[in-house]
Amino acid sequence: MAGYAFKRVLVGVFSVFVLASAAFFLTRLMPGSPFETGNSLPLVQAEIEREYGLDKPLPEQYLQYLSNLLHGDLGISYKKPGVAVVDVISRAFPVTCKIGGLAVLCSLAAGTALGIWQAVTKKAAVYNGILFVTILGSGVLNFVWGSLFVWLFGVKWKLLPVVGADVWQGFLLPVATMAIYPTCVVTRLTRNGFKREMGEDYVVLARAKGLGKTRVLGVHVFKNACLPVLRYMGPAAAFLLTGSFVVESIFTIPGLGREFVNSIANRDYTLILGLTVFMGTIVIGLNLLTDLLCAWLSPATRAGMTGAGK
Amino acid sequence: MKVKVFRRMSGVMSLWFVIVVLCAGCGRAGETRQGERGMASGAGGPGQSAAKSTEREIVVATSSESGGLDPAGNIALTYLAYSATALDELLTYDGDGTIDYRAAASYEVNGDYTMWTFHLREDARWSDGSAVCADDFVNTMTRALRPESGSGYVNYLFPIQNAEAIYQGGAEMESLGVETPDPHTLVFHLERPCVYFLDLLRLPVYMPSCTKYAKAAGGSWDKNPETSMSNGPFFLAKYVPEQYFVLEKNPYYWNADAVWLEKITFRFFDSQEAMAVAYESGAVDVACGVQSVMAKVYEGEADLMITDAIATRYIYPNLDVEPLGDVRVRKALSLAVNREELCEMAGAEAEATGHFIAKYMVDRATGNYYVEEMPKFFAQSEDVAAAVPEENGPGKAASFEENMDTARRLLAEAGYPGGEGFPKLVYKYPSLELDADVAQILQEQWKKNLGIDVELQAQELQVNYSERKAGRFDLCRMNWTADFADPYTYLSMLLSNSPYNCSGICDARYDALVRQSEGETDVKKRAELICQAERLAVEEKCYVIPLFSVRNVNLVRPGIEGITQVPATGALELRHARWE
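Residue numbers (my numbering), protein chains in the order written: chain A, 1 to 310; chain B, 1001 to 1580.
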């Protein structure tokens, strides 16, 4: 297990390096300059670019960038005068993290509960009701939900704020919007997992040995049925924690997703790279964590992995 | 089986649900709004309600945070919104063209318009109570002239002696043609006569910055309320990046009695849609620059405030691309555009114009719009027999229906009768909603009226800038918002040696006219030269194909009075705003 973990961590670090390099060259391949605007004078633009070292040869800029990155220096934003990229991240990430984290928790809690309920219920109405809700939830895109919530709760009923995240009520709608899709997926995975596991011999055996239904379901079945959920939740959490541009734009939330998309539109090279590396590390890290957890929970997976590696 | 059927039904039901919800959203918007009117202000969500009319406070929605607040630094829309309300420039012009003295109390100019002397108000104070001095103005200029400042407006200092040389490292900062004989006198020595110098004074680089705090560009003094001083009616009280900033009334302002509001909050919005929703939900009192569809939604209501920007949207035909080098082809393309129809379809943001110089650019000498003074060129040109009805208003070109025959004749003369054999040109435009709509209408009109096919190529805004500047286009959409309110900002772009000239224009006659107008100190003669230059560029040679002038759609809560617009930038000025 330790060897497997070490190998996976190495692969993770290498992935971050590849990502950082690819991001560097891809941003430079984009047409346009951070200092170009509709009205900018070419002479002025060239002077500013020289000042920022953008006139130097690309390999030199790349080496400088890598060396800064190794020292943990992500640089100063080109388009936000005097603001360090680290400051942008440390300001935007907590907001995104709160919303994304709450969405992860909500979808896990609600999805698991609904999934189990659907798996064990004998009432067709409950089963079909949950099925309807999950198909609706996963079939409709989150910007539709977001816009609908804004219109209903903000404009029509005026119950909740729809601008910014200054107060706790401001989190309700964005979290709900972000959580709908993963909740539906978790429900489906949990239900399928439970239904599959409940037919297994060990459940029958455990019940025959006199173990209570709750204990069988809650401990033995739950552990096995949750593996697919865990595998799904890793990447899903990474997605939620790196921010959604659409949801942040609808609710005017100062999060990472908004910063990322705006930085690309603005050609803010340092900010694009800083955010890519940061978000990439989160995604790679969470995937790594999920893989390790799965391997730990399921010896079969671990054996498969190590077996395939040799 | 049962589950399968139900699953399918669920899918259909979901679709139906979405359609119903969307329809409800569209159909009921107007109705809901009516019902909300009474509770609109102060009815926002918990903890973030818009200002109540009983309080001297307004919440304004503005576009997303961009750039800093240092007038010498890298600035964009956020600064423009802030400065219009918070800062005092030396002087400006009010709505009817008379001078509104702000930081300056008076000015003098020598006979050849090369030396401008400004006498500053002696009672002017920064928001920390210290006196505003001439050095504070010089402070902004010298900081902006260092390339590391990242100022995109620095070229507007170049009329000042040695400014350009200093910027490019060819002269010492001390040689800058600005003098401060005493703390309240500011003297500018210019390279050559500049009759529109007063119009430049609204530009950021001519604003003061408090010498005590503003020492370097790129520091963070500008967004820190402790160090960000204002010489105008409001000062920065709070700045929360990416979310909002708060202005409060400057108690030291020399004209504080004329300021009614105590507090203005500007909230940043990424999308125009979110801005409109915030207005509808009551979270903001003023929304600047919402989508043009809101003009239809609020048609006839007191909320709607449409402002005219000094901006023209037009097309550059690339003269180096065949057959656009042929003036007859360019003219045919221009005459075949039905601008009235185009603007009707494009929405409230567009107002037809046949002029290059922005429709709402005012001639200071007469108080009229420049385009009003010009002969309505399309109608009077020999190609067009139809007269322009007077009710078409200033600068509105004649109905172009009648010009289609001429356009077709010109195209045939150029060797493409009925559009036959005409190469497929590509029209490049930024993928913004308005430009995308306009591109499709143009494609359709050219096809219908000339029988030619034009390929559309939507590009990301930054890509479009680069392609245009590099001259990589056949036809390219262009927008020019005047940085200052003088036609020179437009005309100078088409000069042979202008860095903005990206379509291969090289016309000695045009250059001579524009150069002459720049140095002409007789206002009447100057206006004539300007008219001649524009006629040459638009009517005779068709170097540009003007389409429409741009308007901004704003929403202002009924009861708020006194909001005006800075004509050049389109920013709203709230210094005299009040709740009635």
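Ideal Cβ positions, reconstructed from N, Cα and C, are used throughout, including at glycine.
### Query
With burial defined as no fewer than 16 other Cβ atoms inside 10 Å of the residue's Cβ, what is the status of T1098 (chain B): buried or exposed?
Reading the second sequence from its first residue, position 98 is the one you call residue 1098 (chain B). Classification for T1098 (chain B): exposed.
### Query
Any C-beta of chain A sitting closer than 8 Å to the C-beta of V1286 (chain B)?
The residue you call residue 1286 (chain B) lines up with position 286 of the second sequence. Taking Cβ atoms only, chain A never reaches closer than 8 Å to V1286 (chain B), which makes this a no.
### Query
Relative to the alpha-carbon of G1232 (chain B), which residue among B:D1112, B:Y1156, B:P1251 and B:A1276 has its alpha-carbon at the smallest distance?
If you number the second sequence from 1, residue 1232 (chain B) lands on position 232. Relative to the Cα of G1232 (chain B), the nearest Cα in the group B:D1112, B:Y1156, B:P1251 and B:A1276 belongs to B:P1251.
### Task
Run the CB neighbour count on G137 (chain A), radius 10 Å, all protein chains shown included, and call it buried at 16 or more, exposed below.
Translated into positions along the first sequence, residue 137 (chain A) becomes position 137. When all chains shown are included, G137 (chain A) counts as buried.
### Query
the stretch 1452-1465 of chain B: which residues have C-beta closer than 8 Å to a C-beta of chain E, in chain order?
Absent from the structure: chain E. Protein chains present are A and B.
### Task
Would you decide whether P1389 (chain B) is buried or exposed? Buried here means 16 or more other CB atoms lie within 10 Å of its CB.
Counting from one through the second sequence, the residue named residue 1389 (chain B) turns up at place 389. Only weak support is given to the placement of P1389 (chain B): the predicted model assigns it a pLDDT of 39, under 50, and the question is left unresolved by the model.
### Message
Run through the DSSP bridge pairs and tell me what S1063 (chain B) is partnered with.
### Response
Walking along the second sequence from the start, residue 1063 (chain B) turns up at place 63. Within the DSSP secondary-structure output, S1063 (chain B) pairs in a beta bridge with B:F1269.
### Task
Anything in chain B within Cβ reach of L43 (chain A), meaning under 9 Å, just list it in chain order.
For the purposes of this step, residue 43 (chain A) is identified with residue 43 of the first sequence, where counting begins at 1. Correct list: N1155, E1164, Y1167, Q1168 and P1499.
#### Entry: Rounded straight-line distance, which links the Cα of E1164 (chain B) to that of S90 (chain A)
Looking up residue 90 (chain A) in the first sequence gives position 90. Looking up residue 1164 (chain B) in the second sequence gives position 164. Distance between the alpha carbons of S90 (chain A) and E1164 (chain B) is about 40 Å.
#### Entry: Interface positions of the stretch 163-185 of chain A facing chain B (Cβ-Cβ less than 8 Å), listed along the chain
Within the stretch 163-185 of chain A, the residues whose Cβ lies closer than 8 Å to some Cβ of chain B are V163, G164, D166, V167, Q169 and G170, listed in chain order.
### Identity of the residues DSSP links to K1238 (chain B) by a beta bridge
The residue given as residue 1238 (chain B) occupies position 238 in the second sequence. Answer is B:V1246.
### Message
Tell me the rounded alpha-carbon separation between L159 (chain A) and F153 (chain A).
### Response
If you number the first sequence from 1, residue 159 (chain A) lands on position 159. If you number the first sequence from 1, residue 153 (chain A) lands on position 153. When rounded, the distance between both Cα atoms is 5 Å.
### Cβ separation of L292 (chain A) and A20 (chain A), assumed to be a contact under 8 Å, to the nearest whole Å
Indexing the first sequence from 1 puts residue 292 (chain A) at position 292. Indexing the first sequence from 1 puts residue 20 (chain A) at position 20. Approximately 23 Å separates the beta-carbon atoms of L292 (chain A) and A20 (chain A); this is outside 8 Å, ruling out the contact.
### Query
Given that V1625 (chain B) touches chain A, what residues does it touch there, using C-beta distances under 7 Å?
In the structure as shown, chain B begins at 1001 and stops at 1580. Residue 1625 (chain B) is therefore absent and cannot be evaluated.
### Inter-residue Cα distance where the pair is S1399 (chain B) and T1564 (chain B)
The residue labelled residue 1399 (chain B) in the question sits at position 399 within the second sequence. The residue labelled residue 1564 (chain B) in the question sits at position 564 within the second sequence. Confidence at S1399 (chain B) is low in this model, with a pLDDT of 37, below 50, so its placement is unreliable and no value can be given for it.
### Message
Which residue marks the beginning of the alpha helix (DSSP H) containing S263 (chain A), and which one marks its end?
### Response
Counted from its first residue, the first sequence places residue 263 (chain A) at position 263. For S263 (chain A), the enclosing alpha helix (DSSP H) covers residues L256 to N266.
### Query
Is it buried or exposed for Q1168 (chain B), if we count other Cβ within 10 angstroms and need 16 for buried?
What you label residue 1168 (chain B) is simply residue 168 of the second sequence in a count that begins at 1. By the neighbour-count rule (16 or more Cβ atoms within 10 Å), Q1168 (chain B) is not buried but exposed.
### Task
Identify whether L1572 (chain B) lies in helix, strand or coil by the three-state DSSP scheme.
The residue labelled residue 1572 (chain B) in the question sits at position 572 within the second sequence. The answer is strand: DSSP assigns L1572 (chain B) an E or B state.
### Message
Just to confirm before moving on: does the CB-CB distance between Q1516 (chain B) and G32 (chain A) stay below 8 Å?
### Response
To locate residue 1516 (chain B), count along the second sequence from 1; it is residue 516. To locate residue 32 (chain A), count along the first sequence from 1; it is residue 32. Cβ distance not < 8 Å, so Q1516 (chain B) and G32 (chain A) don't count as in contact.
### Task
Just grab the DSSP bridge partners of D1100 (chain B) for me.
Counted from its first residue, the second sequence places residue 1100 (chain B) at position 100. Bridge partners of D1100 (chain B): B:T1092.
### Query
Helix, strand or coil for V1384 (chain B) per DSSP?
Locating residue 1384 (chain B) in the second sequence gives position 384, counting from the first residue. Bear in mind that the predicted position of V1384 (chain B) carries a pLDDT of just 38, short of 50, making it unreliable; the figure below should be weighed with that in mind. It is coil, neither helix nor strand.
### Message
Between F1473 (chain B) and chain A, is any beta-carbon pair separated by less than 8 Å?
### Response
The residue you call residue 1473 (chain B) lines up with position 473 of the second sequence. F1473 (chain B) does not count as touching chain A.
### Query
With a cut-off of 8 Å, does the C-beta of G1504 (chain B) fall near any C-beta of chain A?
If you number the second sequence from 1, residue 1504 (chain B) lands on position 504. With 8 Å as the cut-off, G1504 (chain B) does not count as an interface residue toward chain A.
### Cβ-Cβ distance between P182 (chain A) and Q169 (chain A) below 8 Å
Taking the first residue of the first sequence as position 1, residue 182 (chain A) is located at position 182. Taking the first residue of the first sequence as position 1, residue 169 (chain A) is located at position 169. At a Cβ-Cβ threshold of 8 Å, P182 (chain A) and Q169 (chain A) do not count as neighbours.
### Contacting positions in the stretch 1223-1253 of chain B - beta carbon closer than 9 Å to chain A
Hits within the stretch, in order: K1223, V1240, P1241, E1242, Q1243 and Y1244.
### Query
By how many angstroms is the C-alpha of F1484 (chain B) removed from the C-alpha of T1092 (chain B)?
Counted from its first residue, the second sequence places residue 1092 (chain B) at position 92. Counted from its first residue, the second sequence places residue 1484 (chain B) at position 484. Roughly 11 Å separates the two Cα atoms.
### Query
Can you name the residues of chain A whose CB is closer than 7 Å to the CB of A1274 (chain B)?
Here the question's residue 1274 (chain B) lines up with position 274 in the second sequence. By Cβ distance, chain A contributes S249, I250 and T252.
### Where the beta strand (DSSP E) containing A1131 (chain B) begins and where it ends
One-based indexing of the second sequence puts residue 1131 (chain B) at position 131. Following the DSSP letters along the chain, one finds A1131 (chain B) in no beta strand (DSSP E), marked with neither H nor E.
### Task
Could you say if the stretch 221-229 of chain A and the stretch 65-85 of chain A meet the contact criterion of at least three C-beta pairs nearer than 8 Å?
No: the two stretches stay apart, fewer than three of their Cβ pairs being nearer than 8 Å.
### Query
Per DSSP, what kind of secondary structure is G309 (chain A) in: helix, strand or coil?
Walking along the first sequence from the start, residue 309 (chain A) turns up at place 309. At G309 (chain A), the pLDDT of 40 sits below 50, so the modelled position is not reliable; the number obtained from the coordinates is stated separately. Looking at G309 (chain A) - three-state DSSP - the assignment turns out to be helix.
### Query
Would you call W296 (chain A) buried or exposed, if buried means 16 or more other Cβ atoms sit within 10 Å of its Cβ?
In the first sequence, the residue the question calls residue 296 (chain A) occupies position 296. When all chains shown are included, W296 (chain A) counts as exposed.
### Query
Which bits of chain B does P94 (chain A) rub up against, with CB to CB less than 9 Å?
Numbered from its first residue, the first sequence carries residue 94 (chain A) at position 94. Those within 9 Å of P94 (chain A) in chain B number zero; the least Cβ separation is about 12 Å.
### Message
Between I130 (chain A) and chain B, is any beta-carbon pair separated by less than 8 Å?
### Response
Here residue 130 (chain A) corresponds to residue number 130 of the first sequence, with the count starting at 1. Judged by the 8 Å Cβ criterion, I130 (chain A) is not in contact with chain B.
### Query
By a C-beta neighbour count over all protein chains shown, 10 Å radius and 16 as the cutoff for buried, is M279 (chain A) buried or exposed?
Here residue 279 (chain A) corresponds to residue number 279 of the first sequence, with the count starting at 1. That one is buried.
### Residue span of the beta strand (DSSP E) that contains Q1457 (chain B), given as start and end
Numbered from 1 along the second sequence, position 457 holds the residue referred to as residue 1457 (chain B). Element bounds for Q1457 (chain B): V1454 to Q1459.
### Query
What beta strand (DSSP E) runs, 3 residues minimum, are completely inside the stretch 1139-1191 of chain B?
The stretch 1139-1191 of chain B is shown to contain whole beta strand (DSSP E) runs of 3 or more residues at 1185-1189, in chain order.
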